[in-house]
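Participant: A single structure is presented below for examination.
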Amino acid sequence: MSDGEELTLADEIVARARIHAREVIDESELAVDLGALEWDVSARARRRAGLCRWHADREVATIVLARRAYERYDWPDFAGIVRHELVHAWEFQQFGESGHGDRFRERAAALEAPRYCEAFARPRYVLRCLAADCDWRAKRHRASKPVKSPDQYRCGGCGGSYEVEHVASGRTWTTASGYGGAKSALGEEW
Numbered sequence: 001m002s003d004g005e006e007l008t009l010a011d012e013i014v015a016r017a018r019i020h021a022r023e024v025i026d027e028s029e030l031a032v033d034l035g036a037l038e039w040d041v042s043a044r045a046r047r048r049a050g051l052c053r054w055h056a057d058r059e060v061a062t063i064v065l066a067r068r069a070y071e072r073y074d075w076p077d078f079a080g081i082v083r084h085e086l087v088h089a090w091e092f093q094q095f096g097e098s099g100h101g102d103r104f105r106e107r108a109a110a111l112e113a114p115r116y117c118e119a120f121a122r123p124r125y126v127l128r129c130l131a132a133d134c135d136w137r138a139k140r141h142r143a144s145k146p147v148k149s150p151d152q153y154r155c156g157g158c159g160g161s162y163e164v165e166h167v168a169s170g171r172t173w174t175t176a177s178g179y180g181g182a183k184s185a186l187g188e189e190w
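So, in structure tokens, the structure goes:
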């Protein structure tokens with residue numbers, strides 16, 4: 001860095017994440033090859049606080065951290081996201097694949113990393129079971145097929161019917177035509 005250059009927020013995020021990663025690796029049995037680990041920051045991510053991509057052709061993992069999550073969370077919570085993604089990097093480097101299964105859960109627990117990272121953005125839609133004895137809910141950020149045509153899908157808990165709520169307006173629907181009607185009625189507010 002030459003005189004006159006200023007660090008960006010992305011530079012700060014990567015620097016803090018790299019320092020934390022070195023500390024985690026030094027203090028644990030997580031054998032992540034830092035030479036085969038790249039870092040990036042997404043200014044566009046709105047839901048996912050972090051992700052780890054595997055480039056099998058180069059045998060390199062890239063951890064991408066969301067700027068918005070860094071701005072929203074305090075450091076201990078964001079550091080948990082870094083540890084979560086480090087576990088993915090370790091799995092990719094050791095096994096060529098990664099998920100949130102038993103192996104991941106064990107390593108994440110040892111590092112006090114969350115098994116799943118919570119979304120840091122408010123969902124646009126909430127799917128909610130209509131059965132009185134079922135409390136199943138799902139959040140969606142995009143108008144996916146289950147959002148657009150809820151009558152073609154079933155509750156993830158009991159298999160019953162569900163409704164979709166457009167969170168900003170509170171409008172709900174249970175059919176494809178109900179989705180169309182809500183979208184049309186809201187117009188610019190959609």
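If you read the sequence shown in UniProt numbering, its first letter stands for residue 1, the second for the next number, and so on. In this text, a Cβ means the ideal position worked out from N, Cα and C, and glycines have one as well.
1. Going by beta-carbon coordinates alone, are residue 193 and Val82 separated by less than 7 Å?
2. Can you tell me where the alpha helix (DSSP H) with Trp136 in it begins and where it stops?
3. Is His88 near Cys52, with beta carbons less than 7 Å apart?
4. From this set, Gln152, Gly157, Ala15, Phe120, which residue's C-alpha is nearest Ala138's C-alpha?
5. Our contact map puts Arg140 next to Leu127 with C-beta atoms below 8 Å; I'd like the distance itself, whole angstroms only.
6. For the stretch 15-102, which segments carrying the alpha helix (DSSP H) assignment without a break, of at least 4 residues, lie completely within its bounds, in sequence order?
7. Between which two residues does the beta strand (DSSP E) harbouring Leu127 extend?
8. Give the DSSP-derived three-state secondary structure of Tyr116 in the structure shown.
9. Taking Glu112 as the reference, which of Trp136, Ala121, Asp77, Pro146 has the closest Cα?
10. Under three-state DSSP, which class holds Arg107?
11. Is DSSP giving Val167 helix, strand or coil here?
12. My understanding is that Ile13 touches Leu65, with C-beta atoms under 8 Å, so please give their C-beta distance in whole angstroms.
13. Measure the alpha-carbon distance for Ala182 versus Ile63 and round it to whole angstroms.
14. For the putative contact between Arg103 and Arg115, defined by C-beta atoms under 8 Å, what is the C-beta separation to the nearest angstrom?
Facilitator: Based on what the coordinates show:
1. The chain is shown from 1 up to 190; residue 193 falls before or after that span and cannot be answered.
2. Careful: Trp136 lies outside any alpha helix (DSSP H) and carries neither H nor E.
3. Yes, they are a contact pair.
4. Ranking Gln152, Gly157, Ala15, Phe120 by CA distance to the CA of Ala138 puts Gly157 first.
5. Contact annotation, Arg140 with Leu127: C-beta distance approximately 7 Å; criterion of less than 8 Å satisfied.
6. Here the runs fully enclosed are 67-72, 75-95.
7. For Leu127, the uninterrupted beta strand (DSSP E) run begins and ends at 125-129, by DSSP.
8. Of the three classes helix, strand and coil, the one that applies to Tyr116 here is coil, per DSSP.
9. It is Asp77 whose Cα lies nearest to the Cα of Glu112.
10. Arg107: helix per DSSP, three-state reduction.
11. In this structure, Val167 counts as coil in the three-state DSSP scheme.
12. Indeed, because the Cβ distance is near 6 Å, the residues count as touching under 8 Å.
13. When rounded, the distance between both Cα atoms is 39 Å.
14. The beta carbons of Arg103 and Arg115 sit about 12 Å from each other, so the pair does not count as a contact at 8 Å.
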